[in-house]
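Visitor: Quick one: structure below, then a few questions.
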Amino acid sequence: MAICCISLGVYAGALILAPLLLGIIPRVKAWFAGRQGQPLLQIYYDLIKLSQKGAVYSTTTTWVFRLGPMVCLASMLTAFLMLPMFGISAPLQFHGDLLLFAYFFALIRFFMIVAAMDTGSSFEGMGASREAVISMLTEPSFFLVLATLVKHNNSFSLSEIFNSASPNWSLLPGPVLALSGISLLIVILVENYRVPVDDPTTHLELTMIHEVMVLDNSGPDFGFIMYTSCLKMWITTSLLAQMLIPAMPTYPVWSRPLAIFGTMIGLVMLIGVIESVMARLRLVRIPSLLVGITTASLLGFLLLK
Amino acid sequence: MELFLYALVILIAGGVLALIFSFHTKLACFWGISSAFVGSTLGVIASFMAIFSPKPLEYYALWPIPYAAFALKLDALSGFFLLVILGIAAITAIYGKGYLKHYANEYNLGAVWFFFNLLIAAMSVVVVSANGILFLAAWEIMTLSSFFLVTMENEKPEVRRAGFIYLIAAHIGTAFLFVMFWILAGYTEGTMDFSKFMELPLTQEIASILFVMAVIGFGTKAGLIPFHVWLPEAHPAAPSHVSAIMSGVMIKTGIYGILRISTFLGMPPLWWGILLVAIGLVSGLMGVLLALAQHNIKRFLAYCSVENIGIITLGLGIGFIGITCQNPTITALGLAGALLHVLNHGIFKSLLFLGTGAVVQETNTKQMDSLGGLLKKMPITGTTFLIGSVAICGLPPLNGFLSEFFIYLASFYHIFFAKDQAVLGSIFGVALVSLIGLVLMGGLALAAFTKSFSGVFLGEPRTQATQNAHDPDWSMLSAMIVLAGCCLLVPFGVLFYGPQVFASILAILVPSGMNVVTDIAYACDLIAQILPVFGVFIGIFFALMLLRWMMLKNRPVTQAVTWDCGYLAPTPRIQYTTSSFAQPITDLLGELLHYHKKLEPPTGYFSAKASFVSHAIDIFMEIGYRNLFQYLLKTFRKLDWLQHGRLHLYLLYIAGTLVGLFIWFIEFVR
């Protein structure tokens, strides 16, 4: 019973804290640029405001456009419930849950793309087309990192993989961890539409991917999409953080959740730093980057005994 | 068994009646549809009985032809394929009622229904026959009746061309099967009964030759690359309910053939499984890439069938490797995944072809770039097409996910297995490559189906073609709705009946020493754990729907034009087309596809004319087969002098051949 309450509390807390991560990035970028910057809680204000607004729909769109944001948020929440959090096993877990977890991300893509295409705008079509090719190239790397974890832990369940006791300082041997970790970091950047693959703050629709796909969404629908992005950032960073911080029986119980949360904050700050120091890659360069991390994760997988 | 024979009789009799009454279209259609539906439904019941009966149902009658017998055997494997064939056939027959109405004045529908019923009957005999001659006869009838259906609109030159390509490809495949069966018959005492083929004293080499012949012969029917060239030609030419039958179920008889023959050949060596995996991967990846580059929606679906047959073959290959390595878990997951994908693909591919048929009939075009915005005009067709697209991409919460999940899991288990036994490096490689291949196929399929669905059904209409489109009549709609419902219900069927059904099928396929029952139970138990997750997802979705409704209830919800970035006169022509959607991928992998582009850019200051044409070439067809056949033509031209058109000399050839055979018989045989 107590465990149930704790896990309920942790998951509810994570749902509330998720938008915070996306608020940290602009703060880091503002600090780098020496600007005042937006408040840390800006995403919360945005979400509240959006939830209080009406909506404008294009006359071209059909119910597919209205369905999109709901399907995306529902899939993200289901994936969220399949993810172990701070050392607590996920409410939904079984043998092979990591495949279903990855496939919910694909479901989001499907509906983001068709919802964008529903508007008939060439801008949104452009974003959708880029999203399709970029996600196609990212998936092998993501699966290879998962396969590396599966191979090392002899388990198909995210909860078992991340909560198995580890005698060492890391879940994977050093070189493998480096290769898989860097691959997963790039996957996080791609999945969350960050620099160097996509730039959410660019001023021209022509150069955006994710932001241009949601140009026509407004009101609660846009709120759903925004919250989906927050959850996505939370889920992906927590995946990498749990990979970096294994469960070590020799340390006190409270140390791991704290270390994981700290790592997650560190990761979003790192993303902010990356966005401050480098520009978005040219579109034709992106496939090279993605094939590169696929190769890196493949090498990591092969290095693992 | 009697029930199955009744079903056959009803199918054939109804077909003949339709042919006899072909002067009266309504009566002919009545006989054709009702017999196809009743016969198939009876057959479905028979197949259920076969699947769940502990002993196979058998029927044996003599047939006064050497080596032949009218031997039928309905075991679990046959029953499973029979269920897929007749279940889909019954549904497409109903669709055919509405679909063919538009052709009533132009074509002899009696003949169409005759061949349709004959095709269904022949396919069911193919999977049930237990004699080589009967099998080949049914196989040939299946090929010919589908040929006549493909060439229904034979006044069009492209349809005739497609028909001939199909006929030739199918017969090249059948030639391999003939030779294969005769080699097998050489080991028995003058019979081709399948029961005599069991446990033949085959050497490893002979068994391997037979296996390769089976893969080529059956692979041609199944549409495996490089034998797939007939699919993208035949499907656009055929009427849509026939495409649905051919792509949904007929190509699966090839998979059945490979499985059935493999039961004769004993323990598979490792390279058989690796061969299947390799062919499956090439078919899957090339199939989906070529699909992505198509502009014609039926060609697109045909290439997509190549992809899915590739996934099925991949699963089979992994299962075979499991058999070789004596690992029941890999075997169970691989084979069960492949079999489940046979059922799933049958459902969603026929659904997609039926939806496409409705679209093509309403708009008179197969070009995706001429369509658009049809979801508003054909809401039910569009919705079922969306369900089919989500299912075929293998996305949760529909049936396609489950079969791909099994195959994924099988390749993950391979990784474990190879880890335990360090010597088997090749297995490790196979597992890794199939894992990456499956992921890439998934990503490309997602791009391909978002492309085609949004090109046809979303956005604004691109041309006038969609002006008068509306949902078709109830018979076509009900077929699509039933199939879409199946996409949702199959997971439950697997949950309840999977352990028993897969266990009895796999008992036929795996060597007797191997026990896969517990592993099948494990696999189906996973489904019992996946379904609650689907339930949670659907629950959250409805909760969000309620939340959104409550938020928008008292707020202004207005309509406006799509955000046009200050551009004042947006036209439907500035929309992204399906070709432009696919362009990043076709550019990236252009060399592999031979993607040709022809651009005439606008010139001068007041230019008016510009054009852009893109076209994907199937290298297997345009380079491989074209050159091969041209070479053959050139070679055989040298024999032209034999064919001079003088009849009396031709008769002399016959006499000469007879004399030659007589001398051979006297001298060498007796």
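Protein sequences appear in the order of chains A and B.
Under the working numbering, the first residue of the first sequence carries the number 1, and numbering increases by one thereafter.
Under the working numbering, the first residue of the second sequence carries the number 1, and numbering increases by one thereafter.
Using N, Cα and C, we set each Cβ at its ideal position, and we do this for glycine too.
1) Which same chain residues, not among the five before or five after B:Pro268, have their C-beta less than 8 Å away from its C-beta?
2) Starting from B:Ser580, find everything on chain A with Cβ-Cβ shorter than 9 Å and list it in chain order.
3) Would you mind stating whether A:Tyr318 and A:Glu211 have Cβ atoms separated by less than 9 Å?
4) Near B:Leu375, which residues of its chain fall below 7 Å by C-beta distance, leaving aside the five closest residues on each side in sequence?
5) Please give the ranges of any beta strand (DSSP E) in the segment 570-634 of chain B, keeping only runs that are unbroken, at least 3 residues long and fully inside the region.
6) Are the C-beta of A:Gly292 and some C-beta of chain B separated by less than 9 Å?
7) Flag A:Tyr57 as yes if its beta-carbon sits less than 9 Å from any beta-carbon of chain D, otherwise no.
8) Would you mind telling me which residues of chain B sit closer than 8 Å to A:Lys53, beta carbon to beta carbon, in chain order?
9) Is it true that the CB of B:Met441 sits closer than 9 Å to the CB of B:Val249?
10) Quick one: what does DSSP say B:Phe52 is sitting in, helix, strand or coil?
11) Does the beta-carbon of A:Leu298 have 16 or more other beta-carbons within 10 angstroms, so that it is buried, or is it exposed?
12) Which one or two residues does DSSP pair with B:Asn296 in a beta bridge?
13) When the cut-off is 9 Å and only beta carbons count, does B:Val516 lie next to chain A?
14) If I measure Cβ to Cβ from A:Lys232 and keep anything under 7 Å in the same chain, skipping five residues before and after, which residues do I get?
15) Leaving out the 5 sequence neighbours to the left and right, which residues in its chain are closer than 6 Å to B:Val423 when beta-carbon positions are compared?
16) Give me the Cβ distance between A:Pro84 and A:Asn153, rounded to the nearest whole Å; I'm assuming they're in contact under 8 Å.
17) Tell me the DSSP secondary structure of B:Phe457 in three-state form.
18) Can you tell me whether A:Ser155 is helix, strand or coil according to DSSP?
19) Does the segment 91-109 of chain A touch the segment 518-529 of chain B, meaning 3 or more C-beta pairs lie closer than 8 Å?
20) Closest to B:Leu432 by CA distance: which of B:Leu444, B:Ala448, B:Ala445, B:His414 is it?
21) What number of angstroms, rounded off, separates the C-alpha of B:Thr191 from the C-alpha of B:Phe197?
22) Restricting to runs no shorter than 3 residues, where is the beta strand (DSSP E) found entirely within the segment 26-73 of chain A?
23) Tell me, please, whether the CB atom of B:Ala560 is closer than 9 Å to any CB atom in chain A?
24) Given B:Ser350, which residues of its chain have a CB within under 8 Å of its CB, disregarding the five upstream and five downstream residues?
25) Note down, in chain order, every chain B residue with its Cβ under 8 Å from the Cβ of A:Met136.
26) Please classify B:Asp473 as buried or exposed, where buried requires at least 16 other C-beta atoms within 10 Å of its C-beta.
27) Looking only at C-alpha atoms, which of B:His171, B:Pro461, B:Thr635, B:His341 sits nearest to B:Val378?
28) Based on the DSSP secondary-structure assignment, which residues constitute the bridge partners of B:Ala71?
29) With a cut-off of 9 Å, does the C-beta of B:Val423 fall near any C-beta of chain A?
30) Do you know offhand how far B:Thr586's Cα is from B:Leu628's?
31) Report yes if the C-beta distance between A:Met243 and A:Leu184 is below 9 Å; otherwise report no.
32) At a cut of 8 Å, does the segment 388-401 of chain B reach the segment 591-611 of chain B through at least three beta carbon pairs?
33) Are the CB atoms of B:Ala291 and B:Leu301 within a distance shorter than 9 Å?
34) With a threshold of 9 Å between beta-carbons, can B:Gln575 be considered close to chain A, or not?
35) Tell me the DSSP secondary structure of B:Thr558 in three-state form.
Guide: The relevant details are as follows:
1) Correct list, in chain order: Phe211, Ser262, Phe320, Ile323, Thr324.
2) Ser122, Gly125, Met126, Ser129
3) Missing from the structure shown is residue 318 of chain A; chain A here goes from 1 to 305 and no further.
4) Gly382, Phe457, Leu458
5) 595-600, 611-616
6) No Cβ of chain B is located within less than 9 Å of the beta carbon of A:Gly292.
7) Here the protein chains are A and B, and chain D is not one of them.
8) Arg555
9) For the 9 Å CB-CB criterion, B:Val249 and B:Met441 do not form a contact.
10) helix
11) Classification for A:Leu298: buried.
12) B:Gln367
13) It does not: the Cβ of B:Val516 has no partner Cβ on chain A nearer than 9 Å.
14) Met76, Glu191, Asn192
15) Residue placement at B:Val423 cannot be trusted, given a pLDDT of 49 that sits under 50; what the coordinates show is reported in the next sentence. Cβ neighbours of B:Val423 beyond the five flanking positions: none.
16) In fact, because the Cβ distance is near 13 Å, the residues do not count as touching under 8 Å.
17) helix
18) coil
19) Touching, per the Cβ criterion.
20) The option with the nearest alpha carbon to B:Leu432 is B:His414.
21) 9 Å
22) 55-58
23) With a threshold of 9 Å between beta carbons, B:Ala560 makes contact with chain A.
24) Ile88, Ile91, Thr92, Ala244, Ile245, Ser247, Gly248, Val249, Leu483
25) Within chain B, the residues near A:Met136 are Leu440, Gly443, Leu444, Leu446, Ala447, Ile585.
26) exposed
27) Here residue 378 of chain B turns out to be Met, not Val, going by the sequence shown. Closest option to B:Met378, Cα to Cα, is B:Pro461.
28) B:Tyr60
29) Reliability of the predicted coordinates at B:Val423 is poor, the pLDDT of 49 falling under 50, and the value obtained from them is presented with this limitation in mind. No, no contact with chain A.
30) 27 Å
31) yes
32) no
33) yes
34) yes
35) strand
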